[in-house]
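Inspection log for the structure reproduced underneath, given as structure tokens.
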Amino acid sequence: MNIHEYQAKELFAQFGVAVPKGVAVTSAAEFEGALAKIDTTGGIMVKSQIHAGGRGKGTFTDGFKGGVKFSPTKEKALENAKAMLGNTLVTAQTGPDGRKVQTIYFTEAANLGKRPDGRDDEYYLAILLDRATSFPVIVASTEGGMEIEHVAHHTPEKIFKVQVDPAVGLQAFQARQIAFALGFSGDLFKQCVTLVTKLYQFYWEKDCAMVEVNPLLVTKEGKLLALDAKVSFDDNALFRHPDVVALRDLNEEDAKEIEASKFGLSYIALDGNIACLVNGAGLAMSTMDIIQHFGGSPANFLDVGGGATKDQVTAAFKIILGDANVKGILVNIFGGIMDCNVIATGIIEAVKETGLKLPLVVRLEGNNVEAGKATLAASGLTIVSGDSMADAAQKIVKLVNNK
Amino acid sequence: MSILVKEDTRILVQGITGDFGARHARLSLDYGSQVVAGVTPGKGGQVFEHAGKKVPIFNTVAEAAKQTGATVSAIFVPPPFAADAILECFDADLDLAVAITEGIPVRDMVRAKRAMAGRRTRLIGPNCPGLVTPGRGDKSSGGCRIGIAPGYIHRRGNVGVVSRSGTLTYEAVWQLTCRGKGQSTCVGIGGDPVNGTSHLDVIKLFNDDPETEAIIMIGEIGGNAEVEAARWIKAHCKKPVAGFIAGATAPAGRRMGHAGAVIGGAEDTAAAKIKIFQECGISVAATPSDMADALLRIWKG
């Protein structure tokens, strides 16, 4: 689960991680009140709150440039905020449709900018799971303010990593290693050790999947601040963090994916035209792959899980048919334990209930498969049977492409 | 031989009184597997009955192992309590803990995996279908079935199968069985980012197992476990290996059902993994329908 930058910074502040002061609002009527709560003398950052990255370089659908703007005066901040709120921001990560900005975050911008020697004082800090070791890893770099993938590719020597042993947690020497690696000394060194320690505590206690601070910044006054914050949580651990669940913003999620999750279905929309309904995540992924292999284009990932009840199949059909791009459906079920005849009955009822007119190919395999196939054949409905995954994929691709 | 479990392996089931655990304990008993104990804290002394078989229930794993000689646990405990169930297996010095449970918090698994270091217990999973060593009876009955895989699709033979995914494993197994090729052991290592046993761990066991003559390795996007295994195969494996990678069409950054199946960087895409498989001499299946045939192109059985 992802949260907004302003929510991440509120959590940071609770854990003692230094952030610039800011206020988030959702209506233009609140702009003036919000600006009155912060110190605007050194300028204000006006920041569109959407879950996708690349906001600063994004463009709104009406042509307004920049989803994050430095505003030297209150008046300029109001102007920028009005241009952003309710507008749709397209970034490198949103896709062409972009995201509607429904929250504006004003933050104090005093003392930001370059040091007297002209150097950018921006750093990078992230904490995530290292899958190779199954230990949390803290990633730090002196090259803040740019994409870490770019740094990793061009100057890997500028990336410093510390593995945290979960048996004992982050040790003081490790926080010092990071502060040294970033080149800090004196008071900034102490601030860095504190910030890294608190940030790790936040990551661990709140079951984060990833915490990223880019940039971590030194102000002209010599304060170390998390200028941006990107946080995602482990979905499996949300049951023990009701305060985190309360931060979920359904506006940022696909309506069909939300609907699917209510029925225990795992659904992800893609941009093709052949929908698929499959049991098991691995088989669902490979069903998408085989559609593409035979010249088609998958419209979604949909895993109905191990059970695949009639209600789930019906819900899945409704969700699939809610996508106007869908021109055909491939059902691929390996009913190892489930009775294929029960699944066949569920498919027939779902077809009748939704009044399906699109081509439908069903590949059933497994327990009681002959009875299942017979039930489908006797239904009087136009359901094409596939003998194998390859056969079924070729049939649906042909039916859709020849229309 | 086979790997990890044999026909006579004695199994205990943690969570045997829950719907999910009970259902699969019955299916394992029907398959002829030696389910000898159940564990549900607070229900010790009760008996799990199925088809004339009586399986005693214990309060603790240690007690169940001591009383019945069980060496392997199948864990069907709900996610909030599953890591605790795994740690209890380590404490009881079992040979093997197989965690079927889906949805265990990553932090719990990070701690559990750390606690496994220096212990004799091997963990398989979590979020996995378990493992099957097929039997020699009708429809492979009499084998050792731990977890949720359908037993009847198997056939005893000489192909080792390792995969993260359940249904994709069944697909490969069924293709083999339909072509008259049996399996030594089929292992589902699970779809989570932190798991107890990797592709490489299982490949090494297959390489050392005299009954296993050939291997099918099924992977997916995310992480570098398949790549690590492929490089080891190139350097050390004496047996023919076929492979498949799921997720060629998956969009970057999205979790595809399995928590581990997220494309994070250039190295863990399907295309990158397939290229490395080919460089390492693995016969790559072009589609999931082609897994058994990909093996049979390089191994005649």
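Those protein sequence lines, which keep their order, are chains A and B.
Following this note's numbering, the numbering of the first sequence begins with 1 at its first residue and continues without gaps.
Following this note's numbering, the numbering of the second sequence begins with 1001 at its first residue and continues without gaps.
Heads up, the beta-carbon is just placed ideally off N, CA and C, and yes, glycines get one too.
Examine chain B for any beta-carbon lying closer than 8 Å to the beta-carbon of residue i, and answer yes or no.
i      : result
A:F334 : yes
A:D187 : no
A:R131 : yes
A:A52  : no
A:F301 : yes
A:L270 : yes
A:S27  : no
A:I418 : A question about residue 418 of chain A goes unanswered here, because the residues of chain A that appear run from 1 up to 403.
A:G282 : yes
A:D311 : no
A:A167 : yes
A:H293 : yes
A:N367 : yes
A:M45  : no
A:I290 : yes
A:M389 : yes
Nearest-angstrom Cα distance between residue i and residue j?
i       : j       : result
B:G1118 : B:L1087 : 13 Å
A:K69   : A:I159  : 28 Å
B:F1206 : B:R1231 : 16 Å
B:A1242 : B:I1282 : 5 Å
B:R971  : B:D1095 : Here chain B comprises residues numbered 1001 to 1301, so residue 971 of chain B is not present and cannot be evaluated.
B:C1144 : B:I1216 : 20 Å
B:H1024 : B:V1098 : 13 Å
A:M84   : A:G67   : 7 Å
A:L112  : A:F106  : 15 Å
A:D165  : A:W204  : 12 Å
B:D1008 : B:S1033 : 8 Å
A:L330  : B:V1162 : 27 Å
A:E75   : B:G1257 : 47 Å
B:G1188 : A:V362  : 26 Å
A:M1    : B:G1044 : 39 Å
A:A324  : A:A299  : 10 Å
A:D271  : A:F31   : 38 Å
Counting contacts by CB-CB distance shorter than 8 Å, is residue i in contact with chain A?
i       : result
B:M1217 : no
B:Y1031 : no
B:I1153 : yes
B:N1224 : yes
B:V1077 : no
B:T1269 : no
B:L1123 : no
B:V1202 : no
B:G1257 : yes
B:V1132 : no
B:I1233 : no
B:G1281 : no
Using DSSP bridges, identify the partner residues of residue i.
i       : result
A:L302  : A:Y267
A:G328  : A:I274
A:Y105  : A:A24, A:K47
A:K69   : A:V46
B:H1050 : B:K1053
A:R363  : A:N332
B:Q1034 : B:R1010
A:R240  : A:R240 pairs with nothing; no bridge assigned.
B:R1145 : B:V1132
B:A1246 : B:E1220
A:C208  : A:F233
A:N2    : A:S232
Looking at the structure shown, is residue i part of a helix, part of a strand, or coil, going by DSSP?
i       : result
B:R962  : The shown model of chain B, from 1001 to 1301, leaves out residue 962 of chain B, and the question about it has no answer.
A:Y124  : strand
B:G1160 : strand
A:S388  : coil
A:N111  : coil
A:V168  : coil
B:S1028 : helix
B:D1290 : helix
A:K100  : strand
B:S1165 : coil
A:N401  : helix
A:F294  : coil
A:K161  : strand
Using a Cβ cut-off of 7 Å, pull out every chain C residue sitting near residue i, in sequence order please.
i       : result
B:P1193 : Within the model displayed, chain C is absent; protein chains A and B are what it includes.
May I ask whether a heavy atom of the ligand SAH can be found less than 7 Å away from the beta carbon of residue i?
i       : result
B:L1004 : The ligand SAH is not part of the structure shown, which contains no ligands of any sort.
Which residue spans inside the stretch 1184-1234 of chain B form an unbroken alpha helix (DSSP H) run of at least 4? 1199-1208
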